Amino acid sequence: MRAKMLFVISLLWVQKATARPRCGGSFTAARGVIQTPGFPGPFSTPIHCEWVIDAQHLLSKNTSIVVYLTQLFVFEGLKFTEYQVYDESFRFNGRDLLVVNETNVVDAKMVQTNQTYLVISLKLPTLDGTHLRVLDHYLHSFGFNATYEIGEGGVRSDACNMADCGFNGICYDHFNKFGCSCFENFTGRHCSDGPNSLCGTAKTGFCKNRGICRHVGATAVKCLCSEGFTGNACETSVSLGFTEKGKENVVLH
């Protein structure tokens with residue numbers, strides 16, 4: 001009897017140890033939310049999930065699938081692929097639209113396709129070294145939270161991501177509008193104003209020469225320089241022939 005009990009306990013432990021987080025699935029509704037297990041908390045690895053957005057029942061000449069990457073922290077193992085046909089036995093005309101990496105994770109805002117299927121794939125052997133880390137609020141955020149829409153409306157122009165909120169707030173999609181919900185002591189459309197802002201006022205602003213100041217977390221700012229200027233604070237005038245329009249310079253405080 002004791003040996004039988006030990007065998008059952010051992011079997012349960014093996015099942016628990018090898019179990020993978022529940023994730024993925026097929027999505028056919030006109031709109032919805034897709035996120036990693038337990039978002040924004042950590043999830044068990046190794047992980048391999050596929051979320052399939054299926055528009056075949058709504059497909060018309062102007063129909064598209066749009067995924068809005070409102071809260072994206074993972075920069076490895078995540079890709080978005082369009083297919084004309086996608087099922088377990090046959091896949092046709094696949095093309096990667098976005099493979100997330102360290103370079104584009106901050107700028108990625110949306111993915112759009114006019115094909116019938118959009119597949120979101122996440123494959124990670126470990127969580128170590130695969131996620132954005134921004135002081136002070138995003139040192140322990142994992143995975144992603146995204147919304148999607150299937151329809152003829154195209155891409156909404158007010159879409160936001162975490163960078164648009166200065167990593168001092170959370171980008172939300174309310175399906176009728178996007179917006180940043182700023183953390184305490186930060187305000188404004190991009191959560192770069194308020195009592196704790198390092199950007200300063202219009203007269204004493206950190207960014208000079210009409211440069212636009214944006215926070216990158218609570219302790220750093222970047223300047224989006226206007227044409228003809230460069231430098232950490234857009235303080236340096238340059239020849240128009242060598243201007244990098246919209247050049248960003250991140251400064252820690």
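Residue numbers for the sequence shown follow UniProt numbering, beginning at 1 and rising by one. Glycine included, every Cβ here is placed at the ideal spot set by N, Cα and C. Quick caveat: nothing in here was measured; it's all calculated off a predicted structure.
As assigned by DSSP and simplified to three states, the class of V99
The residue labelled residue 99 in the question sits at position 99 within the sequence shown. It is a strand residue.
H137 CB to nearest chain B CB: under 7 Å?
The structure shown contains no chain B; it is built from a single protein chain.
Is it buried or exposed for V119, if we count other Cβ within 10 angstroms and need 16 for buried?
As a working mapping, residue 119 is identified with position 119 in the sequence shown. It counts as buried.
What first and last residue would you give for the beta strand (DSSP E) that runs through Y68?
For this step, residue 68 is matched to residue 68 along the sequence shown. First-last of the beta strand (DSSP E) with Y68: 64-72.
Do Y148 and G32 have their CB atoms nearer than 7 Å?
Walking along the sequence shown from the start, residue 148 turns up at place 148. Walking along the sequence shown from the start, residue 32 turns up at place 32. Closer than 7 Å, so yes.
Which residues does DSSP list as the beta-bridge partners of residue 270?
Residue 270 lies beyond the residue range present for the chain, which begins at 1 and ends at 253; the question has no answer from this structure.
Contact set for G205: own chain, Cβ-Cβ below 7 Å, skip 5 residues either direction
As a first step, residue 205 must be located in the sequence shown, where it is residue number 205. In the same chain as G205, and ignoring 5 residues on each side of it, the C-beta atoms closer than 7 Å to its own belong to C199, C213, in chain order.
Run through DSSP, which three-state label would V134 get?
Start at 1 with the first residue of the sequence shown, and residue 134 comes out as number 134. It is a strand residue.
Please go through the same chain and pick out, in chain order, the residues whose beta-carbon is closer than 8 Å to the beta-carbon of E235, but skip the five residues on each side of it.
As a working note, residue 235 is residue 235 in the sequence shown. So the qualifying residues of the chain are K208, N209, F229.
Beta-carbon spacing of residue 256, E82 below 7 Å:
As shown, the chain starts at 1 and ends at 253. That puts residue 256 outside it, with no answer to give.
With 16 other Cβ atoms within 10 Å as the buried cut-off, status of V67
As a working note, residue 67 is residue 67 in the sequence shown. V67 comes out buried.
Contact check, L127 vs R133, beta carbons under 7 Å
The residue given as residue 127 occupies position 127 in the sequence shown. The residue given as residue 133 occupies position 133 in the sequence shown. Pairing L127 with R133 gives a Cβ-Cβ distance that is not under 7 Å.
Do you know offhand how far residue 255's Cα is from F90's?
Nothing can be reported for residue 255: it is not among the residues displayed for the chain, which extend from 1 to 253.
Is V155 near Q112, with beta carbons less than 7 Å apart?
Here residue 155 refers to the residue found at position 155 of the sequence shown. Here residue 112 refers to the residue found at position 112 of the sequence shown. Yes, they are a contact pair.
Completely contained beta strand (DSSP E) runs for the segment 147-214, where each covers 3 or more residues:
Secondary structure in the segment 147-214: the beta strand (DSSP E) runs of 3 residues or longer, each lying completely within the stretch, are 169-173, 178-182 in chain order.
If you draw a straight line from the C-alpha of D193 to the C-alpha of A159, how long is it?
Walking along the sequence shown from the start, residue 193 turns up at place 193. Walking along the sequence shown from the start, residue 159 turns up at place 159. Straight-line spacing of the CA atoms in D193 and A159 works out to 20 Å.
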